[in-house]
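In the numbering used here, the protein residues as written are 48 to 160. These notes concern the structure reproduced below.
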Amino acid sequence: AIASAARGAAKTPMFFPHQLGRNLTGVAEGDLHWLPRSVYPYSLGVNESGSLSFALGEESYALEEVAAHLLNFAKELARQAVDGIAVTETILTIPSDATAQQRQALLIAAKIA
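See below:
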């Protein structure tokens, strides 16, 4: 993500994993940026499920969808590493200090991917 951010920071979501699983319903829009805008130049919002969403151009992506894109990218890298053999199974590790909501958000991202 950091290499892509050099080409288009506003189109490369970064620094978001600790926000997975958080319910942000009722949080003011100005309080959604946990890093300075110079580091984090995204249009952020809260979707109907209370999850953080990134507005990239005309599209809006829930945090779980962004994580799913990363998982798909990792899957493609794995496929290329084994000469094109399809990746049908994987193990997703979840930090031991993750909350139940964070675990559920990662599982949702895996199902989307």
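Built from N, CA and C at the ideal position, the CB exists for glycine as well.
Backbone CA spacing between Ala147 and Leu154 [nearest angstrom]: Distance from the CA atom of Ala147 to the CA atom of Leu154, rounded to whole angstroms, is 11 Å.
Taking only the alpha-carbon atoms, compute the straight-line gap between Ile132 and Thr72 and give it to the nearest angstrom. So the two alpha carbons sit approximately 42 Å from each other.
7 Å Cβ shell around Val74 - same chain, five flanking residues per side excluded: Counting only Cβ-Cβ distances below 7 Å, and skipping sequence neighbours, we find Val93.
Within 10 angstroms of its Cβ, does Phe120 collect 16 or more other Cβ (buried), or is it exposed? Result: exposed.
Check for me: the beta strand (DSSP E) holding Val113 runs from which residue to which? Taken as a continuous stretch (DSSP letters only), Val113 belongs to no beta strand (DSSP E), being part of the alpha helix (DSSP H) at Leu110 to Ala128.
I want to know whether the segment 107 to 126 touches the segment 63 to 71 - three or more CB-CB distances under 8 Å. Of all C-beta pairs linking the segment 107 to 126 to the segment 63 to 71, three or more are shorter than 8 Å, placing the two stretches in contact.
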